[in-house]
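Enquirer: Sharing a structure with you now.
Number of protein chains: 2
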Amino acid sequence: MQSRQVPELPPFDNPALADRVQQALDRKTKPTGSLGRLEALALQLALIQGVEQPQLLAPQMVVFAADHGLAAQGVSAYPQAVTAQMVLNFLAGGAAVSVLAEQHGLAMTVVDAGVAQALLPHPRLQDRKMALGTADASAGPAMTFAQRDAALAAGADVVRGLPGNVVLLGEMGIANTSAAALLMSRLTGLPLAQCVGRGTGLDDAGLARKMAVLERTLARHAHAQTAEAALAAFGGFEIAMMAGAAMQAAAQRRVIVVDGFISTSAVLVAQALQAGVVKACVFAHRSDEQGHARLLAHLGAQPLLDLGLRLGEGSGAALAWPLLVSACRILKDMASFESAGVSDRSA
Amino acid sequence: MQSRQVPELPPFDNPALADRVQQALDRKTKPTGSLGRLEALALQLALIQGVEQPQLLAPQMVVFAADHGLAAQGVSAYPQAVTAQMVLNFLAGGAAVSVLAEQHGLAMTVVDAGVAQALLPHPRLQDRKMALGTADASAGPAMTFAQRDAALAAGADVVRGLPGNVVLLGEMGIANTSAAALLMSRLTGLPLAQCVGRGTGLDDAGLARKMAVLERTLARHAHAQTAEAALAAFGGFEIAMMAGAAMQAAAQRRVIVVDGFISTSAVLVAQALQAGVVKACVFAHRSDEQGHARLLAHLGAQPLLDLGLRLGEGSGAALAWPLLVSACRILKDMASFESAGVSDRSA
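Those protein sequence lines, which keep their order, are chains A and B.
First residue of the first sequence? That's 5 in our numbering, and the numbers climb one at a time after it.
First residue of the second sequence? That's 5 in our numbering, and the numbers climb one at a time after it.
Structure representation (structure tokens):
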């Protein structure tokens, strides 16, 4: 990818800062370590921002939507038209992610990365349409190298244009668990059977058909071994844009809240293109989609929630959001043993 | 317990209502079941309130604090004075639970159930002091039967006096993981070693000492086999009041958000005294305190969070709170397939 600029990452590792933050946590009025993962999260947020007291400003939920040519092969329980319908539902406020973003005061932007229908303008819709869906990956590359690079750049551009210092990455795209599974298998080396799940709810026969299509598709692109090549081969536009968004966000020390299986597959791509991106990522939850747990493990990621979600959209990221706020508040607002006059452990 | 009135519970089981709520969830614009535990939570909240669209009004965080005579046996890493110091910290807003309650707009009440020091009046402190701590359970009963009944009644009375339809149960009391472990072992029949943990952070030697003290204490009260008898034998006042609070809340169809190991031990007692109380309980999290996972399993409870917390106070209940709000919003605000014009699964 000589033609594309990969933004440089700031030095997230900072042992001196980490020590200071850990000491601040240990002085709070609680047994050492007793806030568990919340303390680890506070430390991570401090390191992402490079400060002792991280602050979360104007968090942005960004839902990237696109269609997949592979949907024609019957890999999803839902018709392709649902992608565009759900975009309208996001904008109208009726989708799960809309309701949850509203609950938590998260600004929401929907990005048309390549929905297979023309969409009317809307104040919260960004038109970044690459094409009317990707090409069918079972028959050829999902996208050209030029489209891939443009999609990566568009994702970065979306982030650059947003205020605040947090992006929550969500997505919509009928058949996109297929693209994610293909990327996962190729980039992790895990057998496809460990990467493919029921998506929106395939039955056993549907799952068998999906497996067969994906096996064929994976074999067809045996040459596409790098992250760049695999992304073009398998798609999709929303995944490429999320990967670009993640790299840009990390470069700007923005906190990235990663939703489910598809968003994590985008981070897998981003991490392959720019090692270190995962350090800026907070993984919101472990999805019920069967490849997700393994994908998280591959990335060394420990998700915050485990609620059996398998909806995507950014719904899990929105649900985890208050935990990030709590982590910052613990650091900022909790009293220390000294300030509160509380006795520390007996000698 | 002929002398004490156990409030009658409403019929939480309502298959017709459950069907209607499940149908409403299934019509929402999402694959069936894709919001996982959030859907089960929405259903539970509807059944607790006996309505199709549950609403959470004026949620009340109630932190019950008391001391334990058993602390004199060196079963905690912290000195007993910390109980009173932390009460002041709760009231001053510097404790974890204070910070998290503030984040989520939860009203907070601290109940002095039996702190071993006189406490000055404070608008958010309720004086329900039963004694200056329980008696040392290793030497005799922690409390008299009269104290036990008065504490149960006081817990119910606290709930009756609070507005809203949700109580979040938190606690503070140096040595109260010991009382909880004793109650758990006696009422579940599990060996003490499976119920006892490091509490606020005992080292191996401290844990061994705690185990020895608790083995002795359990044996000393071999006759205390019922929940009533065990509660008086082992204490503590805060656990008795939480049990009374839980029974009262359930009787009034209030949602009970249960925090960690100690709060769950109070629910274990309440459930023994009034079968069905657990149906009104939302279990916030699985604590790192080692007996908690088994105690939850014994109660058939599936907690919402698993964040390695082991602080108590109500901190885990506060962290889980936004998930309850989300569950209600999903039912109330999400569009249906029909209302949003979204296609359901392909035939």
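Idealized CB from N, CA, C, for every residue including glycine.
Note that the coordinates shown come from a computational prediction; the quantities given were computed from them, not determined experimentally.
Is the stretch 112–127 of chain B touching the stretch 237–257 of chain B, taking contact as three or more C-beta pairs under 8 Å?
Expert: Flag = yes, the stretch 112–127 of chain B and the stretch 237–257 of chain B touch.
Enquirer: Leaving aside the five residues before and after A:S343 along the sequence, list all residues of the same chain whose C-beta is less than 7 Å from its C-beta, in chain order.
Expert: In the first sequence, the residue the question calls residue 343 of chain A occupies position 339. Excluding residues within five positions, none has a Cβ falling inside 7 Å.
Enquirer: For B:M5, I'd like the list of residues in its chain whose CB is within less than 6 Å of its CB, leaving aside the five on either flank, ordered along the chain.
Expert: On the second sequence, position 1 is the one that residue 5 of chain B refers to. Any reading at B:M5 needs caution, since the residue's pLDDT is 44, under 50, leaving its predicted position unreliable; the model's value is listed next. Closer than 6 Å at the Cβ level, and outside the excluded window around B:M5, lie E232.
Enquirer: In the DSSP assignment, what residue or residues form a beta bridge with A:K32?
Expert: Translated into positions along the first sequence, residue 32 of chain A becomes position 28. According to DSSP, which records beta bridges pairwise, A:K32 is partnered with A:S340.
Enquirer: Is it buried or exposed, A:E56, if we count other Cβ atoms within 10 angstroms and call 16 or more buried?
Expert: Residue numbering aside, residue 56 of chain A sits at position 52 when the first sequence is read from its first letter. Exposed: under 16 other Cβ atoms inside 10 Å.
Enquirer: So B:G40 contacts chain A; which residues on that side make the cut at Cβ distance below 8 Å?
Expert: Sequence index remark: in the second sequence, residue 40 of chain B carries index 36 (1-based). Within chain A, the residues near B:G40 are D292, L311, G312, L313, R314.
Enquirer: Grouping DSSP H, G and I as helix and E and B as strand, with all else coil, what is A:L123?
Expert: For this step, residue 123 of chain A is matched to residue 119 along the first sequence. The answer is coil: DSSP assigns A:L123 none of H, G, I, E or B.
Enquirer: Alpha carbon to alpha carbon, how far is B:A351 from B:A339?
Expert: By 1-based counting over the second sequence, the position of residue 351 of chain B is 347. By 1-based counting over the second sequence, the position of residue 339 of chain B is 335. Unreliable positioning characterises B:A351 in this predicted model, as indicated by a pLDDT of 43, which lies under 50. The coordinate reading is nonetheless provided below. Roughly 21 Å between the two C-alpha positions.
Enquirer: Hey, would you say B:A288 sits closer than 7 Å to B:V261, going by beta carbons?
Expert: As a first step, residue 288 of chain B is located in the second sequence; it is residue number 284 there, counting from the start. As a first step, residue 261 of chain B is located in the second sequence; it is residue number 257 there, counting from the start. Their beta carbons are under 7 Å apart, which means B:A288 touches B:V261 by this criterion.
Enquirer: For B:L47, I'd like the list of residues in its chain whose CB is within less than 8 Å of its CB, leaving aside the five on either flank, ordered along the chain.
Expert: Here the question's residue 47 of chain B lines up with position 43 in the second sequence. Result list for B:L47: A22, V25, Q26, L29, in chain order.
Enquirer: Drop a sphere of 10 angstroms on the beta-carbon of A:H72, count the other beta-carbons inside from all chains shown, and report buried for 16 or more, exposed for fewer.
Expert: If you number the first sequence from 1, residue 72 of chain A lands on position 68. It is buried - the Cβ of A:H72 has at least 16 other Cβ atoms within 10 Å.
Enquirer: Just tell me which of A:S102, A:A141, A:I52, A:V79 has its CA closest to the CA of B:S330.
Expert: Your numbering for residue 330 of chain B matches position 326 in the second sequence. Comparing Cα positions, the closest option is A:S102.
Enquirer: Under 8 Å, with one C-beta from each stretch per pair, do the stretch 190–201 of chain B and the stretch 292–303 of chain B reach the 3-pair mark?
Expert: Touching, per the Cβ criterion.
Enquirer: So that I know if they touch, is there some Cβ in chain B lying closer than 7 Å to that of A:S182?
Expert: Taking the first residue of the first sequence as position 1, residue 182 of chain A is located at position 178. Not an interface residue.
Enquirer: Quick one: is A:T87 near chain B, going by C-beta distance under 7 Å?
Expert: Numbered from 1 along the first sequence, position 83 holds the residue referred to as residue 87 of chain A. Closer than 7 Å: no.
Enquirer: At 8 Å on the CB atoms, spell out the chain B contacts of A:L272, in chain order.
Expert: On the first sequence, residue 272 of chain A is found 268 positions in, with the first residue counted as 1. Ordered by position in chain B, no residue passes the 8 Å Cβ test against A:L272, which lies about 22 Å from the chain.
Enquirer: Rounded to a whole number of angstroms, what is the C-alpha to C-alpha distance between B:A276 and B:H302?
Expert: Indexing the second sequence from 1 puts residue 276 of chain B at position 272. Indexing the second sequence from 1 puts residue 302 of chain B at position 298. Approximately 12 Å between the Cα atoms of the pair.
Enquirer: Report, in whole angstroms, the separation of the C-beta atoms of B:L354 and A:L110, which I expect to be a contact under 8 Å.
Expert: Residue 354 of chain B lies beyond the stretch modelled for chain B, which goes from 5 to 351, so this question has no answer here.
Enquirer: Spatial neighbours of A:H126 within its chain, please: C-beta separation below 6 Å, excluding the five flanking residues on both sides.
Expert: Numbered from 1 along the first sequence, position 122 holds the residue referred to as residue 126 of chain A. Closer than 6 Å at Cβ, skipping near neighbours: L95.
Enquirer: Using beta carbons (cut-off 7 Å, strictly below), is B:S347 in contact with chain A?
Expert: Taking the first residue of the second sequence as position 1, residue 347 of chain B is located at position 343. So yes, B:S347 belongs to the interface.
Enquirer: Verify the CB distance criterion: does A:A216 have a CB-CB separation below 7 Å to chain B?
Expert: Stepping through the first sequence from its first residue, residue 216 of chain A is reached at position 212. No, its Cβ sits nowhere closer than 7 Å to a Cβ of chain B.
Enquirer: Decide if the stretch 158–173 of chain B is in contact with the stretch 203–221 of chain B; the criterion is three or more beta carbon pairs, one per stretch, under 8 Å apart.
Expert: With the cut-off at 8 Å, the stretch 158–173 of chain B and the stretch 203–221 of chain B do not touch.
Enquirer: Using a C-beta to C-beta distance shorter than 7 Å, which residues of chain B count as neighbours of A:P15?
Expert: As a working note, residue 15 of chain A is residue 11 in the first sequence. Under the 7 Å cutoff, chain B gives no residues; its nearest Cβ is about 28 Å from A:P15.
Enquirer: Can you list, in chain order, the residues of the stretch 74–108 of chain A whose Cβ is nearer than 9 Å to any Cβ on chain B?
Expert: Listed by position along the chain: G78, S80, A81, Y82, P83, A85, V86, Q89, M90, L92, N93, A96, G97, G98, A99, A100, S102, V103, L104, E106, Q107, H108.
Enquirer: Where DSSP assigns a beta bridge to A:T113, which residues make up the other side?
Expert: Indexing the first sequence from 1 puts residue 113 of chain A at position 109. According to DSSP, which records beta bridges pairwise, A:T113 is partnered with A:V66.
Enquirer: Using the beta-carbon of each residue, which ones in chain B are nearer than 9 Å to A:A344?
Expert: In the first sequence, counting from the first residue as 1, residue 344 of chain A sits at position 340. By Cβ distance, chain B contributes Q89, M90, L92, N93, A96, G98, A99.
Enquirer: With distances taken from CA atoms, which of A:P195, A:L194, A:L124, A:G205 is nearest A:S80?
Expert: The sequence position of residue 80 of chain A within the first sequence is 76, counting from 1. The candidate whose alpha carbon is nearest that of A:S80 is A:G205.
Enquirer: Taking only beta-carbon positions, decide if A:R258 is within less than 7 Å of chain B.
Expert: For this step, residue 258 of chain A is matched to residue 254 along the first sequence. Not closer than 7 Å to any Cβ of chain B, the Cβ of A:R258 fails to qualify, so no.
Enquirer: Measure from the C-beta of B:R333 to each C-beta in chain A and report whether the shortest distance is under 7 Å.
Expert: Residue numbering aside, residue 333 of chain B sits at position 329 when the second sequence is read from its first letter. With 7 Å as the cut-off, B:R333 counts as an interface residue toward chain A.
Enquirer: Please say whether A:A321 and A:D352 have beta carbons closer to each other than 7 Å?
Expert: Any answer about residue 352 of chain A is impossible in this case: the structure gives chain A only from 5 up to 351.
Enquirer: Assign B:T268 to buried or exposed, taking buried as 16 or more other Cβ atoms, counted over all protein chains shown, within 10 Å of its Cβ.
Expert: In the second sequence, counting from the first residue as 1, residue 268 of chain B sits at position 264. Classification for B:T268: buried.
Enquirer: Which one of B:K34, B:A75, B:A20, B:L13 has the shortest CA to CA distance from B:G240?
Expert: As a working note, residue 240 of chain B is residue 236 in the second sequence. Minimum Cα distance to B:G240 is reached at B:A75.
Enquirer: Suppose you measure from the CA of B:L45 to the CA of A:P167; what does that come to, to the nearest Å?
Expert: Numbered from 1 along the second sequence, position 41 holds the residue referred to as residue 45 of chain B. Numbered from 1 along the first sequence, position 163 holds the residue referred to as residue 167 of chain A. Answer to the nearest angstrom: the Cα atoms are 34 Å apart.
Enquirer: Between the stretch 199–211 of chain A and chain B, which residues of the former have CB atoms less than 7 Å from a CB of the latter, in chain order?
Expert: Within the stretch 199–211 of chain A, the residues whose Cβ lies closer than 7 Å to some Cβ of chain B are T204, G205, listed in chain order.
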